[in-house]
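Worksheet for the structure shown next.
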Amino acid sequence: MSDNLTKVGRYDGEYDSLLGITLPKYDIYVSDGLEVHVRARHGACLPYLAKIREIIEHPDYVGKNPSEPNSIELVKVYSDNIQIGIKLDSSSKYLYVATLFDIKQGKIDRRLNSGRLKPASKSAP
-9 MSDNLTKVGR YDGEYDSLLG ITLPKYDIYV SDGLEVHVRA RHGACLPYLA
41 KIREIIEHPD YVGKNPSEPN SIELVKVYSD NIQIGIKLDS SSKYLYVATL
91 FDIKQGKIDR RLNSGRLKPA SKSAP
């Protein structure tokens, strides 16, 4: 594992049955490259990098991208709707936050309707 990784949580597997997936119960990390990615592609979302632990611990919605095996999507509603994508690095045996971006309410509604997103039970009150 690279030295530029920071642990931000652990996947506890409660979403496996909800989403029909099986991800290992590994620690979740953020690399220094995530900030570079967000700055370049989703600059308005930079303040939400500090909220990654909260998003992992208390998402409002969880989902599975059908074109990304071994991954999970978590959405948290703030003044913006923020989605993070978590992927598995199977060779190094850890999960990592691959992206963070804002997602429009209409897209959340469509994904809830299609079943791609589901309400999360860990959402904070």
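Numbering (this note's numbering), first residue to last: -9 to 115. Even glycine gets a Cβ: it sits at the ideal position worked out from N, Cα and C.
Could you name the residues that DSSP lists as bridge partners for residue i?
i            : result
proline 109  : Tyr51
valine 65    : Tyr51, Gln73
leucine 85   : Ile18, Leu78
valine 92    : Per the sequence presented here, residue 92 reads as aspartate, with valine not at that position. Aspartate 92 is bridged to Ile72.
threonine -4 : Val20
So, is residue i buried or exposed, given that buried needs 16 or more other C-beta atoms within 10 angstroms?
i             : result
glutamate 63  : buried
glutamine 187 : The question about residue 187 has no answer, for the chain in this structure spans -9 to 115.
glycine 96    : exposed
proline 109   : exposed
Among the candidates the options, whose CA atom is the shortest distance from the CA of residue i?
i             : options                      : result
aspartate 92  : Arg29, Ser82, Leu9           : Arg29
isoleucine 45 : Val65, Lys94, Glu58, Lys83   : Val65
glycine 23    : Leu39, Asp17, Tyr84          : Leu39
threonine 89  : Arg31, Arg43, Asn103, Ser104 : Arg31
Could you check whether the stretch 74 to 81 touches the stretch -2 to 18, counting it as contact only if at least three pairs of C-beta atoms, one from each stretch, sit closer than 8 Å? yes
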